[in-house]
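**Q** Quick note on numbering: the sequence shown equals residues 0 to 472 in numbering that gives the first Met the number 0.
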Amino acid sequence: MNDVLLELGKNARARAVLSALGLPIPLPVPLRRARGPWRERPLADACVVVGATQGAELSPVIAEALAAAGANAYLIGPDSIAASFVEPGEAYGRPARALAALQDKERVAGVVFDATGLRDVAALRALYETFHPLVGRIARSGRVLVLGRPSGDSPAASAAQGALDGFVRSVAKEIGRVGATANLVRVEKGAEMRLGPVLRFLLSPRSAFVSAQPFVVDTRTNGALDKPPFVRPLEKKIAVVTGAARGIGAATARRLAEEGAHVVCLDRPGDDGPTSQLARSIHGTALLVDLGAEEAPSRIADVVRALGGLDVVVHNAGITRDKTLGRMSERQWDEVIAVNLGAVVRTHEALEPLLREGGRVVCLSSIAGIAGNVGQSAYAASKAGIMGFVAGLWPTLAERGITVNAVAPGFIETRLTAAIPVTVREAGRRLAALGQGGLPEDVAEVITFLASPGAAGITGRTVRVCGGALIGA
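1) If we count the other Cβ atoms within 10 Å of its Cβ and call it buried at 16 or more, is S150 buried or exposed?
2) Is it the case that the stretch 377-388 contacts the stretch 419-430, given that we only count it when at least three CB pairs across the two stretches are under 8 Å?
3) Using alpha carbons as the reference points, say which of G242, L306 and R298 lies closest to S275.
4) Going by C-alpha distance, which of N315, V311, G374 and L287 is nearest K322?
5) So, is S210 buried or exposed, given that buried needs 16 or more other C-beta atoms within 10 angstroms?
6) What residue from G50, V442, I336 and A295 has the CA that sits closest to A407's CA?
7) Counting Cβ pairs, one atom from each stretch, are 3 or more of them under 8 Å apart for the stretch 79-96 and the stretch 115-130?
8) What residues in its chain sit with their C-beta under 7 Å from that of A337, if we drop five residues either side in the sequence?
9) In whole angstroms, give me the CA-to-CA distance for G135 and D333.
10) Sort out for me which residues DSSP pairs G54 with in a bridge.
11) What separation, rounded to the nearest whole angstrom, lies between the Cα atoms of L430 and R298?
12) May I have a chain-ordered list of the beta strand (DSSP E) segments no shorter than 3 residues that lie completely inside the stretch 351-419?
13) Less than 6 Å between C-beta atoms, sequence neighbours within five positions excluded: which residues of the same chain meet that for A55?
14) Please indicate yes or no: does the CB of T129 lie closer than 6 Å to some heavy atom of the ligand ATP?
15) Is it true that the stretch 453-471 meets the stretch 393-411, where meeting means three or more beta-carbon pairs spaced less than 8 Å apart?
16) Report the CB separation of P204 from S140 in whole angstroms; it is logged as a contact under 8 Å.
17) At 3 residues or longer, what runs of the beta strand (DSSP E) sit wholly inside the stretch 204-238?
18) Looking at V110 and V170, is the spacing between their C-beta atoms short of 7 Å?
19) Name the residue from V197, R326, A100 and D217 whose alpha carbon lies nearest to the alpha carbon of T458.
20) Does the distance from the C-beta atom of G437 to that of F214 stay below 7 Å?
21) L183 by DSSP, collapsed to three states: which one?
22) What separation, rounded to the nearest whole angstrom, lies between the Cα atoms of A383 and A95?
23) What's the call for L22, buried or exposed, on a 16-neighbour Cβ count within 10 Å?
24) Would a C-beta distance cut-off of 7 Å place D310 and G259 closer than the cut-off?
25) Can you tell me which of the three DSSP states D152 falls into?
26) Using a beta-carbon distance below 7 Å, is V288 in contact with chain B?
27) For the alpha helix (DSSP H) that contains S280, what are its first and last residues?
28) Smallest Cα separation from P227: which of I237, I470, R199 and A138?
29) DSSP three-state label for D333, please.
30) How far does the beta strand (DSSP E) with V475 in it extend, from its first residue to its last?
31) Are F448 and A455 touching if we call contact CB-CB under 7 Å?
32) What residue range does the alpha helix (DSSP H) around L126 cover?
33) Out of V360, L133, A43 and T402, which has the shortest C-alpha to C-alpha gap to Y91?
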């Protein structure tokens, strides 16, 4: 069902009328999204302001990532960061300039603030000094990224680093009204060279529905590439997507194929039509299997073995049997746990020996697994179990360079959400920083990034794709 307020928000005249009438109806701003496969310069000619604290440590990585992605950098803060931008600027023909070179009213596409130098509480003043004059200049669908460390080397430094969480979540809620997002990226010592691809993704339109989220870039896995490919990064890779017939699964299969993967589109036999049609359209392989069947894992493994191995697996299939706990039957409980969690564990056990080095495993969780929900005790338990699964699984795969992560969507516009009561649907849309529901493609973009070689620095984590949802925050 169409989002009426979002459609009104696309009409400048309607926005003006509501504003003139003083009606307390916030109109969400249409989000800028990317289409098609990845490009070498996703930030072409974007104006990105870069600031830093004294003693910040990530300027060289930021400078290289922005220049390579096609952005124009404008610097604010310590003079020491300017030196890091000279060589990348010359190499890509995009010399960094001082913020003063911008016109006073010119909008900025992004702000990157390196807070790794925070050592005490007083240093937090740099956040105010940087963002106070800039927050009103952030363009529609703009981006704010704050970079920090997982912890400090003293209680005072840890307090300062911890403050970044609340700051970023608050900024996300302030700028969400213009469709802009804010996220926090904590970079472990030694993982600096794994940050570049994360910056590219979070600053690009492909992260449109990711906001108010903390990311951690670490050295948990082996085998990170010095220069991961940014064009067709999944060329000649084999991927399996479960629940591929429609919604998030179908969107994910299409995106993986666009980036070069041969995709095995798996769904239940009852969805043979859409599954086969999708597989044909992306030149993939259709596989009709009931994941609840005992022989399902071995059947999937046989197909993968015939293709020569596996590089990416996306555990997307899931069911709901919404009932309050007192009204739920044993069968309903068992079905949800078996398909949403048990099948994931069993299928992974069958496929793990076939995963090649540098492989990627992505499991679909849900905001319900984080916050819980009335009538969804089994569903929430299964999705929380997914988060526990990836947290427990990553150490067993790290030596082979394989990452495993969960993605937790918030309110996504699908045929299932279109069928829920209007009051619940409206609450799901509006109770978020961006004030609207996401699209299956938004989730697919995050999955595609996590499936790429450039995501080697993220493993054992749960990434929310929720538009900065207030629920479970």
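For every residue, glycine included, the Cβ atom is placed at its ideal position computed from N, Cα and C.
**A** So, from the data block:
1) Taking the sequence shown and counting its residues from 1, one reaches residue 150 at position 151. Flag for S150 reads exposed.
2) no
3) Here residue 275 is taken as the residue at index 276 of the sequence shown, counted from 1. Ranking G242, L306 and R298 by Cα distance to S275 puts G242 first.
4) Taking the sequence shown and counting its residues from 1, one reaches residue 322 at position 323. Comparing Cα-Cα distances from K322 to each of N315, V311, G374 and L287, the minimum goes to G374.
5) Counting from one through the sequence shown, the residue named residue 210 turns up at place 211. Result: buried.
6) Position 408 of the sequence shown holds residue 407. Nearest of G50, V442, I336 and A295 to A407, Cα basis: V442.
7) no
8) The sequence position of residue 337 within the sequence shown is 338, counting from 1. For A337, where only same-chain residues beyond five positions count, the Cβ hits under 7 Å are G291.
9) One-based indexing of the sequence shown puts residue 135 at position 136. One-based indexing of the sequence shown puts residue 333 at position 334. Near 51 Å, if we compare the C-alpha coordinates of D333 and G135.
10) Position 55 of the sequence shown, counting from 1, holds the residue named residue 54. Per DSSP, none; premise fails for G54.
11) Along the sequence shown, one-based indexing puts residue 430 at 431. Along the sequence shown, one-based indexing puts residue 298 at 299. One C-alpha to the other measures close to 42 Å.
12) 354-363 and 402-408
13) Position 56 of the sequence shown, counting from 1, holds the residue named residue 55. Contacts found: D113, T115 and G116.
14) As presented, the structure is devoid of all ligands, the ligand ATP included, so that no description of it is given.
15) yes
16) By one-based count along the sequence shown, residue 204 stands at place 205. By one-based count along the sequence shown, residue 140 stands at place 141. Contact flag correct, Cβ pair sits at about 7 Å.
17) 213-216
18) Stepping through the sequence shown from its first residue, residue 170 is reached at position 171. Stepping through the sequence shown from its first residue, residue 110 is reached at position 111. No; because the gap between Cβ atoms is not below 7 Å, this pair is not in contact.
19) Counting from one through the sequence shown, the residue named residue 458 turns up at place 459. Considering only alpha carbons, the answer is D217.
20) For the purposes of this step, residue 437 is taken as the residue at position 438 of the sequence shown. For the purposes of this step, residue 214 is taken as the residue at position 215 of the sequence shown. Cβ distance not < 7 Å, so G437 and F214 don't count as in contact.
21) Working through the sequence shown from its first residue, we reach residue 183 at position 184. Residue state, collapsed to three classes: strand.
22) Indexing the sequence shown from 1 puts residue 383 at position 384. Indexing the sequence shown from 1 puts residue 95 at position 96. In a straight line, the C-alpha of A383 is about 45 Å away from that of A95.
23) Counted from its first residue, the sequence shown places residue 22 at position 23. In this predicted model, L22 has a pLDDT of only 49, less than 50, meaning its place in the structure is not dependable enough to derive any value.
24) On the sequence shown, position 311 is the one that residue 310 refers to. On the sequence shown, position 260 is the one that residue 259 refers to. No, they are not a contact pair.
25) Reading the sequence shown from its first residue, position 153 is the one you call residue 152. Three-state result, D152: coil.
26) Reference to chain B is not applicable here, since this structure consists of a single protein chain.
27) What you label residue 280 is simply residue 281 of the sequence shown in a count that begins at 1. Element bounds for S280: D271 to S280.
28) Translated into positions along the sequence shown, residue 227 becomes position 228. When each option's Cα is compared against that of P227, the closest is R199.
29) Position 334 of the sequence shown, counted from the start, is the residue given in the question as residue 333. Correct three-state label for D333: helix.
30) Residue 475 lies beyond the residue range present for the chain, which begins at 0 and ends at 472; the question has no answer from this structure.
31) On the sequence shown, position 449 is the one that residue 448 refers to. On the sequence shown, position 456 is the one that residue 455 refers to. Result no, Cβ atoms of F448 and A455 do not sit closer than 7 Å.
32) Numbered from its first residue, the sequence shown carries residue 126 at position 127. Its alpha helix (DSSP H) spans residues R124 to F130.
33) Residue mapping note: residue 91 aligns to position 92 of the sequence shown, counting from 1. Selected option, being the one with the closest Cα: A43.
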